[in-house]
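Counting along the sequence shown from 1, when you hit position 368 you're at 940 in my numbering, and nothing is skipped either side.
Below is one structure, written out as structure tokens, with a few remarks after it.
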Amino acid sequence: MVVSFQLSPEQEQLKVGARAFAEEHLRDLAAAVRAEPDPLTRALLARPAFEKAVGAGFLKGLIPTAVGGAAGSGVDAAIFVEEWATQSPDFTISFAGPLIALMPVYEVGTPEQVQRFVAPFLADSGAPLAAMAFSEPGGSANFDAEAPAAGTTTTAVPDGDHYVVNGTKAWASHLSGWDGDGPDLMTIVCRAPGGVSLLVAEREHLAGHLEVEEHYDLPGLRGCLTSRVRLRDVRVPRANLLGAEGQGVALTRNAFLPSGASIGIFAVAAMRGAFELAHRFATTETRGGAEPIIAHQAVADALSDAKGRIEAVRLLSWRALDAVMSQHPSALELGLHAKVLGSETAVEVVQRLMQVVGVTAYDERFPLAEYLQEALAYPLIEGSNIGVRRRQLQALLRTPGYDPLAASGMS
Ligand SMILES: Cc1cc2nc3c(=O)[nH]c(=O)nc-3n(C[C@H](O)[C@H](O)[C@H](O)COP(=O)(O)OP(=O)(O)OC[C@H]3O[C@@H](n4cnc5c(N)ncnc54)[C@H](O)[C@@H]3O)c2cc1C
């Protein structure tokens with residue numbers, strides 16, 4: 573990245589295009605999703621916008637150019653995510669499934685696998701879905717643990733040219749697909765004879781062998797269709813193994829790197845929305861006093877502290893996504909900080925902005941608390957900060973010869 577922080581004309585165009593799409597198609601969708609009590613119906617409301625986004629080329633924009641897509645730089649990705657997530661983070665998360673599920677394909681897939689697995693997501697129409705089936709109901713922070721711990725419990729047993737997969741997966745967006753027969757592609761973290769491994773199941777393998785046990789009813793990000801599904805005797809060709817048996821732990825960690833870094837930008841979107849509301853309130857409401865409440869120093873301080881932290885998280889996340897997309901050695905460390913610092917800052921900032929507004933913020937009709945519900949998810953999803961992400965940071969800090977200046981290039 574050339575260090576200037578000015579958006580290029582192309583990035584300005586991307587911002588305007590993403591914002592226009594979000595205002596036209598995601599704002600009303602978000603309102604409809606809020607009003608719908610049933611999790612499955614809520615998720616299905618998104619399908620028309622999903623198809624429009626595919627038609628407008630946004631799905632291809634998630635796929636690297638090296639494999640036929642049109643993904644730009646990390647900063648491009650950050651601009652796009654911020655604009656969409658400002659209107660509907662749940663739609664953005666649901667749409668971005670291929671970002672995680674296809675990462676291991678790019679990393680170790682054979683040319684034939686890359687061609688076959690990426691093809692559905694280069695489409696100009698339809699609503700293709702990809703899911704990264706990592707999490708399990710009994711826990712996933714210790715997915716790499718070996719017996720006698722449970723670790724990954726989904727099994728893949730070789731049977732001739734196939735593996736037979738059995739287990740229960742949970743939480744991942746769109747595990748059930750649009751119709752309960754599974755997504756177009758599901759990358760399954762499972763235990764094969766050689767250890768934790770990744771298998772790609774296509775829809776034809778899943779249909780009839782996937783049972784939806786429950787759709788979760790989330791307090792925030794309500795349009796994300798997260799479910800618990802049972803995989804029963806799913807026969808996946810051995811040709812769909814990614815890399816080698818036993819490579820699954822490293823591949824899974826790498827798969828969540830871009831999405832983890834992007835959580836910093838989801839956090840920015842929540843803070844940005846909350847700031848706009850709180851600032852408008854503070855500059856227009858007197859609450860019975862002589863002047864708008866921004867005249868009180870404490871109110872102005874809370875707003876300026878929030879603004880400074882939003883700018884800081886945005887810059888950190890741009891840098892992290894830039895490193896991730898360009899596969900720079902600092903990607904892991906910066907990506908983890910964008911995830912952990914970004915998500916925890918968002919919770920604190922939105923909560924503080926609610927205090928600026930006062931009791932009005934606790935009225936359902938005043939939309940500030942929605943941003944808190946979104947922000948509360950970010951330390952927990954894409955690998956919880958305590959169970960997954962801070963442990964990765966600890967491992968980095970304990971690496972012999974760790975150089976604290978390396979990530980910033982200031983060594
Ligand atoms: C909207 C949404 C979308 C999601 N998308 C996906 C997806 O696409 N794919 C997917 O697979 N999952 C997905 N998830 C699940 C999400 O990624 C979780 O972060 C993941 O399941 C890990 O959860 P966890 O770390 O809380 O693990 P758990 O194993 O449930 O751990 C729970 C808690 O126990 C503690 N803990 C456990 N082990 C340790 C340890 N060794 N050290 C320290 N503390 C420990 C921590 O406090 C941790 O937070 C999604 C969830 C939501 C809500």
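Glycine included, each C-beta is placed from N, C-alpha and C at the ideal position.
Just so you know, the alpha carbons of R800 and K741 end up roughly 6 angstroms apart. With 16 or more other CB atoms across the displayed protein chains lying within 10 angstroms of its CB, M758 is buried. Take the alpha-carbon of T726 and the one of G880: they are about 45 angstroms apart. In the three-state DSSP reduction, S660 falls in the coil class, being neither helix nor strand. Cβ-Cβ distances below 6 angstroms link S834 to V653 in the same chain, with the five nearest sequence neighbours on each side left out; the list follows chain order. In this structure, ligand 1 has a non-hydrogen atom nearer than 6 angstroms to the beta-carbon of I958.
Set against 6 angstroms, the gap from the CB of F706 to the closest heavy atom of ligand 1 is smaller. Residue pairing for K741: DSSP places it in a beta bridge opposite V801. Residue nearest to P676 within the set M982, P830 and L617 is P830 (criterion: CA-CA distance).
Taking C-beta separations shorter than 8 angstroms and ignoring five residues to either side along the sequence, the partners of P791 in its chain run Q945 and L948, following chain order. Runs of the alpha helix (DSSP H) lying entirely within the region 658-715 and spanning at least 4 residues, in chain order: 661-667, 669-673, 675-680 and 683-690. Contact between I882 and V922 is absent: CB atoms are separated by about 10 angstroms, not below the 8 angstroms threshold. Using a 10 angstroms sphere on the CB of M982, the tally of other CB atoms stays under 16, which defines it as exposed. Taken through DSSP and simplified to helix, strand or coil, A764 comes out as strand. The region 642-662 makes no contact with the region 718-737; the number of CB pairs closer than 8 angstroms stays below 3.
Taking the Cα of C796 as reference, the smallest distance to any Cα among P581, K587, A603 and R614 is reached at R614. In this structure, T798 has its beta carbon less than 6 angstroms from a heavy atom of ligand 1. Between ligand 1 and A854, a heavy atom-to-CB distance of less than 6 angstroms is absent.
In this chain, the beta strand (DSSP E) harbouring H787 covers L782 to H787.
In this structure, the C-beta of N826 stays at least 6 angstroms away from each heavy atom of ligand 1. With a cut-off of 6 angstroms, the C-beta of E883 is classified as distant from ligand 1, since no heavy atom of the ligand falls inside that distance.
Counted as a single uninterrupted DSSP element, the beta strand (DSSP E) harbouring T727 occupies residues T727 to D731.
Beta bridge pairing from DSSP links T759 with M704 and V772. With a cut-off of 6 angstroms, the C-beta of L793 is classified as near ligand 1, since at least one heavy atom of the ligand falls inside that distance.
Non-local beta-carbon contacts of E786 in its own chain, meaning distances under 7 angstroms to residues more than five positions away in sequence, involve S799 and R800 in chain order. Take the alpha-carbon of E584 and the one of R970: they are about 41 angstroms apart.
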